Amino acid sequence: MRKLKNEELVRLDVDAFKKVAKTPIVIVLDNIRSLNNIGSVFRTADAFLIEKIHLCGITAVPPHKDIRKTALGATESVSWQYHEHTLDVITSYNEKGYETIAVEQAENATMLHDFVATNDKKYVLVFGNEVKGVSQDVVDVCTEVVEIPQFGTKHSLNISVSAGVVVWHLWAKLNQ
1 MRKLKNEELV RLDVDAFKKV AKTPIVIVLD NIRSLNNIGS VFRTADAFLI
51 EKIHLCGITA VPPHKDIRKT ALGATESVSW QYHEHTLDVI TSYNEKGYET
101 IAVEQAENAT MLHDFVATND KKYVLVFGNE VKGVSQDVVD VCTEVVEIPQ
151 FGTKHSLNIS VSAGVVVWHL WAKLNQ
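If you count by this note's numbering, then the sequence shown holds residues 1 to 176, one letter each, in order.
In structure tokens:
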């Protein structure tokens with residue numbers, strides 16, 4: 001096998017990215033502290049043609065050198081918006097008929113491998129603070145809670161890893 005060169009990857013440029021049909025997934029970052037995590041989520045969103053990212057609460061916004069360092073330009077391609085209150089964003093998407101999903105460890109959460117995504121729905125994925133997770137008031141208004149099964153000694157994954165795992169899982173289900 002031969003590694004492909006960048007020019008062989010046939011990637012979209014920013015203008016083409018903005019025009020292409022998007023995956024019916026929106027990402028909400030609820031009070032994310034790490035600028036590197038934010039940038040990494042932007043890169044994941046670019047990779048899977050995500051509709052939009054909502055940056056909420058203390059979550060920093062572009063442009064910032066630490067976000068830019070991990071986003072590698074994805075802050076230019078992916079649509080994003082800042083909001084002071086995560087709850088307002090989720091309520092708005094609930095009213096629009098999106099399925100709002102807190103990615104969290106919670107009572108009666110659906111394990112990710114058991115979650116069924118269908119092409120007749122649009123999804124909002126909420127990822128929470130590195131220490132406190134998704135705010136309880138946000139979990140309360142989400143239509144679903146999904147948990148990534150974990151089997152080791154730690155109780156959580158890095159938020160950017162969680163975003164990559166969940167976004168890929170939904171994207172794969174929607175594109176079967």
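By construction, the Cβ of each residue, glycine as well, lies at the ideal position given by its N, Cα and C atoms. If you're wondering where the values come from, they're calculated on a predicted model, not measured in any experiment.
_For the alpha helix (DSSP H) containing Thr-23, name the first residue and the last one._
Taken as a continuous stretch (DSSP letters only), Thr-23 belongs to no alpha helix (DSSP H), being part of the beta strand (DSSP E) at 23-30.
*Jot down the residue ranges of each uninterrupted alpha helix (DSSP H) in the stretch 87-168, minimum 4 residues, whole runs only, in chain order.*
Runs found: 136-141.
*First and last residue of the uninterrupted beta strand (DSSP E) at Ile-58*: Where Ile-58 is concerned, there is no enclosing beta strand (DSSP E), given that its DSSP letter is neither H nor E.
*Where does Lys-3 fall in DSSP's three states?*
In this structure, Lys-3 counts as coil in the three-state DSSP scheme.
*Closest by CA to Lys-18, which one among Glu-76, Ile-32, Lys-69?*
Selection Glu-76, Ile-32, Lys-69 evaluated against Lys-18 yields Glu-76 as nearest (Cα-Cα).
*Taking just the CA atoms, how far does Gln-105 sit from Met-111?*
Approximately 9 Å between the Cα atoms of the pair.
*Residue environment, Ala-21, which counts as buried when at least 16 other CB atoms sit within 10 Å*: Residue burial annotation: Ala-21 is exposed, with fewer than 16 other C-beta atoms found within 10 angstroms of its C-beta.
_By the three-class DSSP mapping on this structure, what secondary structure does Glu-76 have?_
Of the three classes helix, strand and coil, the one that applies to Glu-76 here is helix, per DSSP.
*From Leu-9, Asn-36, Leu-157, residue whose alpha carbon lies closest to that of Ile-233*: For the chain, the structure presents residues 1 to 176; residue 233 sits outside this window and is missing.
*Going by beta carbon distance, what residues of the same chain come within less than 8 Å of Glu-144, once the five residues before and after it are set aside?*
The residues are Glu-99, Thr-100, Ile-101, Ala-102, Thr-110, Phe-115.
*Using a Cβ-Cβ cut-off of 8 Å, state whether Met-111 counts as contacting chain B.*
Here there is only one protein chain, and chain B is not present.
*According to the neighbour-count rule (16 or more other Cβ atoms, all chains shown, within 10 Å of its Cβ), is Phe-42 buried or exposed?*
Classification for Phe-42: buried.
*Work out the CA separation of Thr-91 and Asp-140 for me, nearest whole Å.*
C-alpha separation (whole angstroms): 11 Å.
*Determine, using beta-carbon pairs with one atom in the stretch 23-38 and one in the stretch 152-171, whether at least three such pairs fall under 8 Å.*
By the Cβ test, the stretch 23-38 is in contact with the stretch 152-171, since at least three Cβ pairs between them sit closer than 8 Å.
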